[in-house]
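Structure, as structure tokens:
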């Protein structure tokens, strides 16, 4: 079993169980909503895949000749083109591409070892997960706390400060934030590593089980490795997390402000409930649902941010894989990574919407 | 509630408008502000901001046509040039070595030029310089910082290039120099032009495609609207940077390609807003009335619907320029956007990352510039939203 099927199963089985549960117990309206939503996801993935395909094939520039470079003879060029099926009619290539995508079969890399791209991606994907998960948690904590605070102090100094914070964070180039953190903590103070996932020496002692190094180190009880992984995680996590937190502060603030204007808040205030409890208990709790949804839809920022963060910190994840393969002109790999990103975006936004519709009965088509 | 002109939102708009205007002026006339050309190798490598380069420099009479050590070379039948140095400093050794290197290079070339300076040693710096003033020596070689300290006493002398081949300038560099001796400040100022060109032109292209499409889809409705919206929503949901990466990766690095790639990303932003507004304005009574008195569709679009969407388009445009500049910088940071020789902030940052241990100024200032430009445009968008959108204000 390849790691990617493992990941697919880990996501797929719970999703399937959830959908089955909904279909047995849910109302007709809910069933209808979920069916429509799934129905909309398929064309979305299809459109994105088509776009990727045409961008890679139809636009000027020949990927094979640029991959071969000046050494490529016309014979080599022709052989590789036939091998990849680039001489077939476009429609044949297109249907083969769609078929490959459904079966998650991405072909072999054009580079050195000609390894299957699925294998290469399944090494890289856990690294991205290991970065993205703590970064999201970090951003959520700052975002929800800051947004609620700003809403409760509306039009006062704290509110303006937090709004300026979110505008400034929005304007920060994520790669520059990464560089500045490297400069401060890695170079000036020299307390944190600035590149890679783990110390290369300690890295040899780690057992590759899930390829999430932190998890691997924990279950094997390899404490030095865990420490090294944690150290390497700090700066990339802060970089990506801070960038995300700006949007989160903004969204939480708007939603909590909206909730604070509801009648039941006025009623609670009239009963003499303390403002602090009112904001963080009553209002935040009710604003959480839309906030979590909106936050779930920031996958796009998260993924784009991950590409840049990984590049700055030489983090061997999907993003740096994409950038590496672009500079070496390995177009099958580039196409596959982008397709996987498209699938991820579509599936995550589907999942968020479905969960939202389960939690909030008002959401129906 | 009347709109207060002195509210925080107006401050946002005013401050950001001033910043935007400033950036536009710099982008239009970078040559006026930049002390050097962005591509010229004008100084020594890795010079810290404000620091003066301390190199063994050639000191010449102000009217001398020479500037570099090689200019002192003369045909072998003429007398050898005399160079004054200070006793007991290592300069003369370096001078000898350097002259030897140059001499070996030029002696086989036609013209018969040789560089074999006669070195005369003086007890003090002042004496060495005085020798040049009196014409006893063709030039002097002293540390440039030492010369600059007392240069007021020798108004007839000037500092030429350094003898080691590294360039030396008297003034130093406000933001330092980079790994090949270009002026960071000049590259920063010229980079404004690139950033604004990318920001403005890609947002304009997106606007000119997205707005008509949105108007059209919202006004006509039906299956055409549905399928167009599906395409736009898919594009909108996808991480823009990654799509731009794909497009520029295929098109190759050039200014036009980066603009195309970024424009494609932002078409859906305009489309969605304009379509939504068109849908709601379409139902208004005054549109109904215009229809009933026989106004044609084009007229309705032009007179009733289009004016209603302009404010939102202005807001999106402002935010959009900010976004496009960020995306463009991201692309060139990854080495995808522009040819690597262009003075661009993203490219300079990528270059600076390699020297993070030695040259903090190379990665600090270009990023700061990106941040300020993006901040100006997004603050303007933010302020405009609150002013144009009273509903949000009064909530």
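Protein chains in written order, with our numbering: chain F, 23 to 387; chain B, 5 to 399.
The beta-carbon is built from N, C-alpha and C at its ideal position, and this holds for glycine as well.
Assigned exposure category for residue i - 16 Cβ within 10 Å defines buried
i             : result
residue 46/F  : exposed
residue 385/B : buried
residue 342/F : buried
residue 146/F : buried
residue 292/B : exposed
residue 64/F  : exposed
residue 388/B : buried
residue 174/B : Its pLDDT being 49, under 50, residue 174/B is placed unreliably in this model, and the value from its coordinates should be taken loosely. Label assigned to residue 174/B: exposed.
residue 314/B : exposed
residue 298/F : exposed
residue 331/F : buried
residue 176/F : exposed
Chain F contact residues for residue i, given Cβ-Cβ distances below 8 Å
i             : result
residue 237/B : 66
residue 242/B : 70, 322, 363, 364, 367
Contacts that residue i makes with chain F (C-beta to C-beta distance below 7 Å)
i             : result
residue 259/B : None at all; the shortest Cβ gap to chain F is about 16 Å.
residue 383/B : 189
residue 365/B : Ordered by position in chain F, no residue passes the 7 Å Cβ test against residue 365/B, which lies about 10 Å from the chain.
residue 253/B : 348, 356
Between the CA atoms of residue j and residue i - distance to the nearest angstrom
i             : j             : result
residue 344/F : residue 203/B : 25 Å
residue 220/F : residue 157/F : 17 Å
residue 376/B : residue 112/B : 55 Å
residue 252/B : residue 341/B : 7 Å
residue 276/B : residue 238/B : 12 Å
residue 391/B : residue 14/B  : 8 Å
residue 264/B : residue 188/B : 29 Å
residue 408/B : residue 53/B  : With chain B represented from 5 up to 399, any question about residue 408/B goes unanswered, as that position is not in the structure.
residue 217/F : residue 350/B : 20 Å
residue 135/B : residue 33/B  : 45 Å
residue 223/B : residue 316/B : 17 Å
residue 104/B : residue 49/B  : 24 Å
residue 143/B : residue 250/F : 59 Å
residue 285/B : residue 304/B : 11 Å
residue 276/F : residue 127/F : 43 Å
residue 183/F : residue 169/F : 11 Å
residue 318/F : residue 296/B : 45 Å
residue 30/B  : residue 39/B  : 13 Å
residue 22/B  : residue 65/B  : 47 Å
Reduced DSSP secondary structure (H/G/I, E/B, other) of residue i
i             : result
residue 144/F : helix
residue 187/B : strand
residue 119/B : coil
residue 164/B : strand
residue 231/F : coil
residue 181/B : strand
residue 364/F : helix
residue 17/B  : helix
residue 86/B  : strand
residue 288/B : coil
residue 130/F : strand
residue 332/F : helix
residue 174/B : A caution first: residue 174/B carries a pLDDT of 49, below 50, which makes its placement in the model too unreliable to give a value.
residue 78/B  : strand
residue 124/B : strand
residue 343/B : coil
residue 69/B  : coil
Residue interval of the beta strand (DSSP E) (run including residue i)
i             : result
residue 144/B : 143-147
Listed by chain order, chain B residues near residue i by CB distance under 9 Å
i             : result
residue 337/F : Simply none; closest approach about 14 Å.
residue 202/F : 367, 368, 371
Within chain B, the residues that residue i reaches when beta carbons sit closer than 8 Å
i             : result
residue 349/F : 339
residue 300/F : Correct list: empty, because the minimum Cβ distance to chain B is about 18 Å.
Start-to-end residues for the alpha helix (DSSP H) that takes in residue i
i             : result
residue 65/B  : Segment 60-65 is the beta strand (DSSP E) holding residue 65/B; no alpha helix (DSSP H) there.
residue 307/F : 306-318
residue 364/B : 364-392
residue 52/B  : Counting along the chain, residue 52/B falls outside any alpha helix (DSSP H), and DSSP gives it neither H nor E.
residue 255/F : 245-282
residue 50/F  : 50-79
residue 137/B : 129-138
Test: residue i CB closer than 8 Å to a CB of chain A
i            : result
residue 23/B : Going by chain labels, chain A is absent from the structure shown, which instead holds the protein chains F and B.
Beta-carbon neighbours of residue i, restricted to chain B and to distances below 7 Å
i             : result
residue 326/F : 243, 244, 245, 246
Per-residue contacts from residue i into chain F (C-beta, under 9 Å)
i             : result
residue 413/B : Because residue 413/B is not part of the residues shown, which for chain B are 5 to 399, the question remains open.
residue 378/B : 192, 193, 194, 195
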